[in-house]
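In our numbering, the protein residues as written are 590 to 897.
Given below as structure tokens:
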């Protein structure tokens, strides 16, 4: 019970405050949009930039931690895709639903929960996973969706579409610049680093509050079977595969915790953005984000009890 009270609930209380403030018209829709534009366009990219720039790539960025997480993500994508097909949805909708099982909320939920549960020092393994999270998910999701859309047509423009989708994302740009600084050994001037630290301190609390406001817009509607499928892929299948593979590989306790907790997060808001871009399964994606985020209060608590 202490894990629920001390770790999980404070994060969801901040998010709930944003939901309540928006619901009661104490925080306008335009303010929510502005707050999310600031956090996702500037503050969180700064956080990811500095984290990757200062990451020990040799120590933390290794396949034994990445493989379990991304095998779990692929399992969630495939199960969501083919499960949706089994429920009679077309290929485009099925890919969008599969993307919901692929793209966990690794930053807005994963980082604050992992930090409260295991401490700031453990986050270096979370950052190793996050460093390739958005690029990997967009590479897989956009590639499969474009293949589906191009049935019987030329695929010559596919690489360009995938690249544009990835590098129009400010989080990916922040990560890429962090790798440039890390690999070249460029020092961060103290003045710049101090400014980055100020932005970083604002990033997660503001993003959680804004996420609550965003979730207020999503009404739970659509096929309940598909919403349940999304929640199963995100909250149960992804972390279960991650835990099983990581245990089989003998992954250490600290990276195991980082991989499983990141995998156990609800679908990220990017899943709805993806569905909206392709006009496919938007109601299911929006409801999956809302219902999955609510259910993750209990599912994350469960995984915290299971983990060593």
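Positions of the beta carbon are idealized from the N, C-alpha and C atoms, including for glycine.
Within the stretch 643-705, the alpha helix (DSSP H) runs of at least 4 residues that lie entirely inside it are, in chain order, 646-649, 652-675, 680-691. Beta-carbon to beta-carbon, residue 718 and residue 628 are separated by about 20 Å, too far to satisfy the 8 Å threshold. Secondary-structure assignment with DSSP links residue 856 through a beta bridge to 693. If you draw a straight line from the Cα of residue 773 to the Cα of residue 650, it comes to about 16 Å. If you ignore the 5 residues before and after residue 826, its C-beta comes within less than 8 Å of the C-beta of 661, 664, 665, 668, 690, all in its own chain and listed in chain order.
With respect to the 8 Å criterion, residue 639 and residue 789 are classified as neighbours on the basis of their beta carbons. If the five residues before and after residue 763 are omitted, its C-beta is found closer than 6 Å to the C-beta atoms of 634, 637, 638, all from its own chain and listed in chain order. For residue 795, the closest C-alpha among the options 598, 595, 597, 606 is that of 606. In this structure residue 893 is in contact with residue 596, their Cβ atoms being roughly 6 Å apart against a cut-off of 8 Å. In the structure shown, residue 869 falls within a coil segment according to DSSP collapsed to helix, strand and coil. In this structure, DSSP gives residue 804 a helical state, which the three-state scheme calls helix.
Our two residues, residue 703 and residue 844, have alpha carbons roughly 11 Å apart in a direct line. The shortest C-alpha to C-alpha distance from residue 858 to any of 679, 694, 895 is the one to 694. Rounded to whole angstroms, the separation of the alpha carbons of residue 730 and residue 643 is 29 Å.
The beta-carbon separation of residue 608 and residue 804, rounded to 6 Å, stays under the 8 Å limit for a contact. For residue 599, the secondary structure class from DSSP, reduced to helix, strand or coil, is helix.
Fully enclosed alpha helix (DSSP H) runs of no fewer than 4 residues occupy 759-773, 779-806, 813-821 of the stretch 752-830, in order along the chain. The way I'd put it, the stretch 705-714 doesn't touch the stretch 860-878; fewer than three beta-carbon pairs between them come closer than 8 Å.
In this structure, residue 715 places its C-beta atom within 8 Å of the C-beta atom of residue 700. Per DSSP, the continuous alpha helix (DSSP H) segment holding residue 714 begins and ends at 712-719.
Annotation for residue 626: the continuous alpha helix (DSSP H) segment containing it runs 618-627. Within the model, the alpha-carbon separation for residue 819 versus residue 784 is close to 39 Å. With respect to residue 770, residue 777 sits close: the two C-beta atoms are nearer than 8 Å. Residue 613 carries a coil assignment under DSSP once its states are collapsed to helix, strand and coil. In the structure shown, the three-state DSSP call for residue 745 is coil.
Around the C-beta of residue 617, fewer than 16 other C-beta atoms lie within 10 Å, and the residue is accordingly described as exposed.
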